[in-house]
Amino acid sequence: MLLLFFVVATWMPAAHASVFAGFEIGREFSFLGKFCFTWDANYSHVVGEITAHIRTPDDGVKLAIYDDEDAFWAFISTDPSCDCTCKLADEHTKAVFDVPRASDASQTFSLNYTIREHLRPRFWYVALAKCVPGGDSYVPTLQSLTPANFQHYYFTAWYSIHMVQAVTRSEVPVFQEGLTTVYTVSGVLSGLLVLIQLQSKLRLTQESFHPIVQLLTGLVVLTFLTNSSLGLHFYAFELNGIGAPLPLCLARIFQVINRVGMLLLAMLIAKGWTINAIALHGRTWLTTVMLTYSVLYLSLAVWYLGYVDPASTLYMYDSVPGLAICSLQIIVYAWFVQHLVATRAKEDDIAKRSFFLQVKSHPEGVLSKTFGG
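Counting in numbering that gives the first Met the number 0, the sequence shown runs from 0 upward without gaps.
Written as C-alpha cells, this is what we have:
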C-alpha cells in the first residue's frame, strides 16, 4: 500500500502553475489553464498579463478568457444547459479571439492580454473552443468516427500559455505568495532542531534515546525534509512558473508520513507507553487507526490525481476523502484526551504527571502536526 501511495503521489501534478503548454485534442470546449491574479483598488494599473501562442490546423477555433465572477466561469462550468455557443457568449466571457488556421508550422497565433481588477484577487481561466452545429449531441462510435467527422467535430492545437503578475512580474499566484520565505525559515528552524537532537544523541555514551524521543527525532527530520523540499519547489516556481515536481512530490510524501507518525506519537503518549507502562495495550485500535489514516490519504491522492477537475479551485480537504480525514482526526483527538487523562490519573510520579498535564494543556500541537496543511 505504501509503495502504491508513493507511485500515486509521485505522479500527482502541480495544482497551480503559471505556464501551461502542450498539444490538445479537444471537442467543442477544452480548458487550458488558470491563474489567480492580484488586484488594484484604484483600477489604475494593469495587474496581470496572459501571453498565448496557439497553432492549429483547424478552422473555427477560438480562444476564450474568463474570470471567476458568477456570470462567467462559475456559470459556464456548472450550468448543464450552457452549450458551446453559450460558453462563448459575450455575457459569459471576458474576451474571445479567433485563432486562424495555420497553413504551416511557422504560422502561430499570438496574444498578449492585459488584466485590470479593482475588487479582489480573482482566478482567470483560458480555454479553446470549436462550436459546430450538432456538436453537443454527436456521440462518437468506431463506425462514425471517420477522418471527416473527426475533422468536423474535433480540433487539435499546440499551445503555450504564460500568466504573470504585471507589477512584480511574479510567476506565483496571489494565494501562494511568500511561501518561499515561509518554508525556507521553517526549514532552517527545523534543521536547527535536528542538529540539537543529534548533538544530544552524541553526548550519550552509555544510555540510548528514549523510544518516544527517537520517534520524535525522526518526525523532526521529516519536518526538515518537508520544509526544505517545499522551499526548493516554491523557489523554482518563482523562476520558471512550474516549480520543481520531484521535490514537491517528495514533500507531499514526507508530509503524510509525518502526520501519520505524529498521530502514532500522540496515541503512544496517551497510552503511557514506555512512560508508565511497558506493555502496549490496544494495539488493534492503534493499527486500525494508522491503516485507516493511510488509506484515506491514499484515497485523497487518487481523487486529486484522477477525479478532480483541473479547473477546480476546491480545497483538497473539502473532498470526501478530505472530510473523512478531518472526521477521523476529531475522533482520534477525543480518544487522545480521554486516554491521556486516564493515564495521568494512574501516575504517581510528579514529573510524569506534569509531563502529561503539559501535553494535555497544548492540544493545538497535536492538531497542527497531524492535521495541519
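A virtual CB, placed ideally from N, CA and C, is assigned to each residue, including glycine.
Asked, Found
"If the criterion is Cβ atoms closer than 7 angstroms, does the pair residue 63 and residue 31 meet it?", "no"
"For residue 28, which residues does DSSP report across the bridge?", "128"
"Go ahead and label residue 61 buried or exposed: buried means 16 or more other beta carbons lie within 10 angstroms of its beta carbon, across all protein chains shown.", "buried"
"What separation, rounded to the nearest whole angstrom, lies between the Cα atoms of residue 118 and residue 39?", "8 angstroms"
"Could you tell me the distance, in whole angstroms, from the CA atom of residue 135 to the CA atom of residue 297?", "36 angstroms"
"Cβ atoms of residue 123 and residue 36: under 7 angstroms apart, would you say?", "yes"
"Over what stretch of residues does the beta strand (DSSP E) that includes residue 153 continue unbroken?", "153–164"
"Of the residues 313, 68, 178, 346, which one's Cα is nearest the Cα of residue 274?", "346"
"Judging by CA-CA distance, which residue of 53, 165, 65 is the nearest neighbour of residue 45?", "165"
"Starting from residue 51, trace the beta strand (DSSP E) both ways and give me its first and last residue.", "47–54"
"Which of helix, strand or coil does DSSP assign to residue 65?", "strand"
"Report the rounded CA-to-CA distance for residue 316 versus residue 265, giving the unit in angstroms.", "22 angstroms"
"Pairing CB atoms from the region 146–161 with CB atoms from the region 75–94, are three or more of them under 8 angstroms?", "no"
"Have a look at residue 225 and residue 193 and give me their C-alpha separation to the nearest angstrom.", "13 angstroms"
"Quick check on residue 349: buried or exposed, where buried means 16 or more other Cβ atoms within 10 Å of its Cβ?", "exposed"
"Leaving out five residues before and five after residue 233 in sequence, what residues of the same chain have Cβ atoms less than 8 angstroms from its Cβ?", "171, 175, 178, 179, 182, 242"
"Checking 7 angstroms against the spacing of the C-beta atoms, do residue 75 and residue 125 come in under that value?", "no"
"Just checking my contact of residue 342 with residue 281 at CB under 8 angstroms: how many whole Å lie between their CB atoms?", "12 angstroms between Cβ atoms; not a contact."
"Would you call the region 49–58 and the region 94–110 in contact, with 3 or more CB pairs under 8 angstroms?", "yes"
"Count the other C-beta atoms from every protein chain shown that fall within 10 angstroms of the C-beta of residue 307, then say buried if there are 16 or more, exposed otherwise.", "exposed"
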